[in-house]
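One structure is given here, and the rest of the page talks about it.
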Amino acid sequence: MNVSILQRLETAGFSAYIVGGRLRNMLLGLEEDPENPWDTDVTTNALPEQVKDVFSDCRVLETGIRHGTVTVLTPEPVEITTFRKDGAYSDSRHPDSVDFSATLEEDLARRDFTVNAIAMDARGNIEDPFGGREDLNNHILRTVGDPEERFREDPLRIFRALRFMAALTTPDGERALYADSKTEAALFTCAPLLEKIAPERLCSEFYKLITGDFAGDVIREYVDIIGVVIPPLLAMKDFNQHNPYHKYTVLEHCIRAMEAVDKDRVMKLAALFHDVGKPETFFIGDDGIGHMYGHPQAGERIFRSIMTRLKADRATTDQAAALIKHHDLVFHRDRALLKRWMNRFTPELLLRILTLKEADNLATGNMSPELGDKFREIRSMILEILSEGECFSLKDLAIDGNDVIAAGIEAGPAVGEVLSRLLSLVTEGRIENTREALLSAISRS
Ligand code: ATP
Ligand code: MG
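For the sequence shown, position 204 (counting from the first letter as 1) is numbered 204 according to the numbering used here, and the numbering increases by one without interruption.
In structure tokens form, the structure reads like this:
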């Protein structure tokens, strides 16, 4: 598929190459997962209008046409960018001008890291003027050119560096990249410049970072850099909880929780920030132990302010915020309680809260095997309630509001109250969820 895109551009008289992540992943020896396909980036000497002509039979989005990028839907999206030389970056965000008269080598020179500055044509010939393949083989992340200069031009590259180190793996699942010493030093020196970067750009890199297999290590190593954008992480760092249940700092505990949950953006965010409210609510009680009453609510508020600062999407924010707010629920092997909570939170959210709690306990470093068993049993109970279609919400009740009115209750708030009471009786197992039993319970009350 990708080759045919290159061939179409070549047939029309242009040169075209695969660049960026897809090529990098191929050279790393990774296999593409059809469920989660890689992006395709193509670079060509065709101008955006010419690209549109070549793909006139496809839908084409003018993603960044001023910077030479269009997205061709083949139907998979392919980003095709015209070779370009970037002018000066006086605002640390966008080049003041872009020049489309560049050669391939000049185009590769404007790219951020050597491992991203490799190109391959339709016949598999590789252009690699900055030694990207050697760096890839040696697990080195290095900027093309002087790192400080490149990070000053566009400080987003600092966040991109962290995300590549967090997310790229070798075929054996090892971390693929470590910053070389000059790049590493420049990451820290230039970190304050991240304040200038458009939040949306930071957010999309941050999402990729936290879902990376090595996110934990990268956050441990580079928290001072990420903290420029997300200052509460700095308050979590080195925060001793003065509590016998917690042997780790808040940050280390949260990172461990993040490492324990599945690769899901909402779960990763919720785990990383579940205790973000602790430093603010901390006090040492008369018992000499640290307490953090109300930290889930404080955490939710702080988390929302982080996400607002990142201009993050609403759905991700709300879902992770709900988890943070409720992460102190205390679960018991109690069917009626679980049903009440399934009704209150929805089964999906309740299962996620349970997952977060389990990760939270694991991340203390001293979870007992019994507690692990308890979590597993509770999960099976919830799944069983679902699979057996047991009643836990008003819509599962065998009667509805009309039946309640027909049974003589006046239309209005009383109807809802009666239904809620019936639901409690059913979830507590005191009456059966049948029309007959419910109607006779109404007549008795
Ligand atoms: P992914 O696999 O996640 O898409 P990628 O390396 O392809 O990773 P993209 O954001 O798709 O990342 O960018 C495509 C290519 O464009 C990069 O490999 C790099 O060569 C170049 N690039 C992207 N952003 C920048 C930037 N801020 N500065 C310099 N070059 C960049
Ligand atoms: Mg890409």
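No residue lacks a Cβ here, since even glycine has one placed at the ideal position from N, Cα and C.
Since the structure is predicted, the reported quantities are computational estimates derived from the model, not experimental observations.
- Here Leu383 is exposed: its Cβ has fewer than 16 other Cβ atoms, across all protein chains shown, within 10 Å.
- Around the Cβ of Phe188, a 10 Å sphere holds fewer than 16 other Cβ atoms; the residue is exposed.
- With 16 or more other CB atoms across the displayed protein chains lying within 10 angstroms of its CB, Tyr222 is buried.
- By the criterion of at least three beta-carbon pairs nearer than 8 Å, the region 376 to 392 is not in contact with the region 400 to 408.
- Residue environment analysis places Thr183 among the buried positions, since at least 16 neighbouring C-beta atoms fall within 10 angstroms of its C-beta.
- Contact check for Arg163 and Leu209: beta-carbon distance about 4 Å, within the 8 Å limit, so the pair qualifies.
- Our two residues, Glu79 and Thr346, have alpha carbons roughly 39 Å apart in a direct line.
- In the three-state scheme derived from DSSP, where H, G and I count as helix and E and B as strand, Val330 is classed as coil.
- For the pair Val228 and Met165, the CB atoms are not nearer than the 8 Å cut-off.
- One thing to note: Gly290 has its Cβ no nearer than 8 Å to the Cβ of His327.
- Going by beta carbons, Ile118 and Val42 fall outside the 8 Å limit.
- Residues lining the ligand ATP by the Cβ criterion, that is a Cβ closer than 7 Å to any of its heavy atoms, are Val19, Gly20, Gly21, Arg22, Arg24, Asn25, Trp38, Asp39, Asp41, Glu79, Arg110, Arg111, Asp112, Asn116, Ala117, Asp154, Leu156, Arg157, Arg160 and Lys208 in chain order.
- When the beta-carbon positions are compared, Ala336 and Thr427 come within less than 8 Å of each other.
- Of the residues Pro279, Gly285 and Asp146, the one whose Cα lies closest to the Cα of Ser181 is Asp146.
- Thr103 is classed as exposed because its beta carbon has fewer than 16 other beta carbons within 10 Å across all chains shown.
- The criterion of a C-beta distance shorter than 8 Å is not satisfied by Met258 and Lys278.
- Shown here, Ala119 sits in a strand according to DSSP, grouped into three states.
- As a beta-bridge residue in DSSP terms, Asp99 pairs with Lys85.
- In the structure shown, the three-state DSSP call for Glu79 is strand.
- Within the region 107 to 164, no beta strand (DSSP E) run of at least 3 residues lies entirely inside it.
- Rounded to whole angstroms, the gap between the alpha carbons of Met120 and Glu174 is 25 Å.
- When C-alpha distances from Phe83 are compared across Val266, Phe14, Leu423 and Glu390, the shortest belongs to Phe14.
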